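When we follow this note's numbering, the leftmost residue of the sequence shown carries the number 482, and every step to the right adds one. Comments concern the structure below.
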Amino acid sequence: MAITAIKGFNDILPSESGRWQHIEQAARSVFERNGFSEIRVPIMEKTELFCRSIGDATDIVEKEMYSFIDKGENAITLRPEGTAGVMRAFIEHKLYAQDPVAKLYYLGPMFRYERPQKGRYRQFHQIGAEITGVHDPLADAQVLNMLVQFFRDIGLDEPQLQVNSLGCPDCRPAYRTTLMAFLEQRADALCEDCRRRMTTNPLRALDCKVPGCIAATAGAPSMLDNLCTGCSDHFASVRQYLDTTATPYSINPRMVRGLDYYTRTTFEMVTGLLGSQSAVAAGGRYDGLISQLGGPAIPGIGFAMGVERVALLLGDKDFARQPDLFIATLGAGERGFAFRLLHDLLQLGLRVEMDYEGKSLKSQMRRADRLGARYSVVIGENEVSSGRAHFKRMADGEQVEVMLIAEHIKQTL
Ligand code: ATP
Ligand code: MG
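Below, the structure written as structure tokens:
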């Protein structure tokens, strides 16, 4: 029996990879316009890194990590997200030494042991960006604008931006206590997970998708009503900057992120088109993370988007690149000539295909059609001796005679 892939791990086939490249190129382009540089970090880290950053009482650390002990008895985890590793590298290589302001982006596979379904896999891909070293809400607004711009650039008006503030170590503990008291009164109506987390991570109850929990927490006190002055001013400025740039957003006071390191601004790009996999991108500010990981007290803010979910939103649009020219040959005698022409045109940057196996002219033309070639040309003895041939525009059959010299052909096509 043939061996299949691991459950929840996907192949990205040639029919889809054009869409993926389109997404990746659009992201690189908007990031680089905004002054971000790529950072590439390992896909495995010491397990401790994720426990310490993401938090022990989160879904990710509690049940979703791909952790194992390697042959040297080290506790290793396949990265479930990108920020922890990027900040580990930021600290390890002292990227803050000259300037604490760093703008970094990354892309690559992430791993979580989740129940596979549409838009939720065990290996999935994220594209993320981070700004370190800026306390000012301008950083928040730039990151948000960049995210909104990305979705515009790839031609989607879904998903939509939702923002919230989760406060800081000054104001969140008091809110947490208030919320815990509220939840305790309704404990019977909460799901098992929320009851268990009521004391370890009560904010998660606001984010729970179980209908009973949604109903029970409908009138819960809101973090936004309990922010300290610093956090409340910060949030007001973020909103002002978004208004200044006419960036559309809504406030979702129930948004809680599944990672403990977030402070102040948190946000999601949300769609109604992917069922319960509604978050296409998500992020927030993490002012305490870098020092928590042993680095200096430098703030940060960033996001990650799920490439599979973006690809699903883009739908079946075809991003395959068609050849500029298909060269057909009449007989074996012309194949050497055609191959040289192909080679010269490739050197000039054109996309060119030819027949590899001496098929009939009819089957060669069928292949030209299937590949979606813009032009085709048939090379026979006459063309070789005269050094000229008719190039056919496939869309309308219009023919034009051109000298068989690569530069001429390039100018004509
Ligand atoms: P969800 O609420 O859907 O579980 P999350 O809060 O766990 O998402 P983050 O950890 O913030 O998500 O990751 C950011 C983005 O990565 C998500 O918005 C989503 O697009 C994508 N993502 C997260 N987990 C998966 C997964 N298992 N499969 C595919 N994409 C994922
Ligand atoms: Mg999740």
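Beta carbons are placed, not taken as given, at the ideal position from N, Cα and C, and that holds for glycine. Keep in mind it's a predicted model, so treat the numbers as computed, not measured.
In DSSP terms, what residue i is bridged to
{"i": "F632", "result": "Note: F632 sits in no beta bridge, so no partner."}
{"i": "M439", "result": "The requested residue 439 does not occur in the structure, where the chain is confined to residues 482 to 894."}
{"i": "A809", "result": "V859"}
{"i": "N707", "result": "Paired residue(s): none; N707 is not in a bridge."}
{"i": "L755", "result": "Note: L755 sits in no beta bridge, so no partner."}
{"i": "F605", "result": "M591"}
{"i": "V881", "result": "F872"}
{"i": "V833", "result": "L806"}
{"i": "T893", "result": "Paired residue(s): none; T893 is not in a bridge."}
{"i": "G764", "result": "F748, F784"}
Beta-carbon separation (whole angstroms), residue i vs residue j, contact threshold 8 Å
{"i": "N491", "j": "Y602", "result": "6 Å"}
{"i": "A819", "j": "G839", "result": "Contact doesn't hold; Cβ gap of about 11 Å is too wide."}
{"i": "L826", "j": "K873", "result": "Rounded, the Cβ-Cβ distance is 16 Å, inconsistent with contact."}
{"i": "F807", "j": "E834", "result": "5 Å"}
{"i": "F784", "j": "A760", "result": "Rounded, the Cβ-Cβ distance is 11 Å, inconsistent with contact."}
{"i": "P683", "j": "M661", "result": "5 Å"}
{"i": "R848", "j": "G600", "result": "Not a contact, Cβ separation roughly 36 Å."}
{"i": "L625", "j": "F748", "result": "6 Å"}
Residue closest to residue i, alpha-carbon to alpha-carbon, out of the options
{"i": "T810", "options": "R851, D825, A870", "result": "A870"}
{"i": "V865", "options": "Y837, E815, T893, H574", "result": "E815"}
{"i": "D621", "options": "A717, F549, A655, P640", "result": "A717"}
{"i": "R533", "options": "R521, G516, T564, A508", "result": "T564"}
{"i": "G781", "options": "I484, R596, E543, E611", "result": "E611"}
{"i": "I520", "options": "D651, S841, Y587", "result": "Y587"}
{"i": "R653", "options": "S713, G566, A483", "result": "S713"}
{"i": "D729", "options": "L754, L642, A686", "result": "A quick correction: the sequence has Pro, not Asp, at residue 729. When each option's Cα is compared against that of P729, the closest is L642."}
{"i": "S510", "options": "F632, L494, S703", "result": "F632"}
{"i": "L708", "options": "P734, E505, Q604, F592", "result": "P734"}
{"i": "I860", "options": "D850, I779, Q845", "result": "Q845"}
{"i": "T528", "options": "S548, L793, Q803", "result": "S548"}
{"i": "W501", "options": "L664, R745, M627, V788", "result": "V788"}
{"i": "I493", "options": "R685, D706, F605, H616", "result": "F605"}
{"i": "T681", "options": "D669, L664, C694", "result": "L664"}
{"i": "A876", "options": "G868, L852, E862, E882", "result": "L852"}
{"i": "A696", "options": "D706, I608, A670, E749", "result": "A670"}
{"i": "Q607", "options": "P561, V582, L576, D638", "result": "P561"}
{"i": "Q598", "options": "Q758, A792, P590, G589", "result": "Q758"}
{"i": "E573", "options": "A686, L774, K488", "result": "L774"}
{"i": "E526", "options": "A507, M568, A538", "result": "M568"}
{"i": "T746", "options": "L755, G756, G753, L723", "result": "L723"}
{"i": "R802", "options": "G776, R832, L795, M786", "result": "R832"}
{"i": "M627", "options": "R514, M546, Q579", "result": "R514"}
{"i": "L794", "options": "L687, A686, L637", "result": "L637"}
{"i": "V582", "options": "R657, G566, G614", "result": "G614"}
{"i": "H715", "options": "D617, G609, K544", "result": "D617"}
{"i": "P804", "options": "A792, S857, I779", "result": "S857"}
{"i": "S731", "options": "M591, P640, L530, F571", "result": "P640"}
{"i": "D634", "options": "A792, M482, A507", "result": "A507"}
{"i": "T539", "options": "A655, P590, C689", "result": "C689"}
{"i": "P702", "options": "K584, A686, T744", "result": "A686"}
Residue i Cβ short of 6 Å to the ligand ATP heavy atom set
{"i": "V858", "result": "no"}
{"i": "A785", "result": "yes"}
{"i": "G765", "result": "no"}
{"i": "R790", "result": "yes"}
{"i": "A507", "result": "no"}
{"i": "V761", "result": "yes"}
{"i": "G896", "result": "An answer regarding residue 896 cannot be provided, because it is not within the stretch 482 to 894 covered by the chain."}
{"i": "G739", "result": "yes"}
{"i": "F631", "result": "no"}
{"i": "Y602", "result": "yes"}
{"i": "F605", "result": "yes"}
{"i": "R593", "result": "yes"}
Chain C contact for residue i (CB, 7 Å cutoff)
{"i": "M591", "result": "Here there is only one protein chain, and chain C is not present."}
Q) Can you find at least 3 beta carbon pairs, one from the region 629-647 and one from the region 734-747, that sit closer than 8 Å? A) By the Cβ criterion, the region 629-647 is in contact with the region 734-747, since at least three pairs of Cβ atoms, one from each stretch, lie closer than 8 Å.
(Q) Quick test of the definition: if touching needs 3 or more C-beta pairs under 8 Å, does the region 618-637 touch the region 709-724? (A) The region 618-637, when compared against the region 709-724, does touch it at the 8 Å Cβ threshold.
Q.
Quick check: the region 817-836 against the region 877-889, are at least 3 beta-carbon pairs closer than 8 Å?
A. Contact between the region 877-889 and the region 817-836 is established, with three or more Cβ pairs separated by less than 8 Å.
Q. Looking at C-beta atoms only, is the number of pairs between the region 769-789 and the region 663-680 that lie closer than 8 Å three or more?
A. No: fewer than three Cβ pairs fall under 8 Å.
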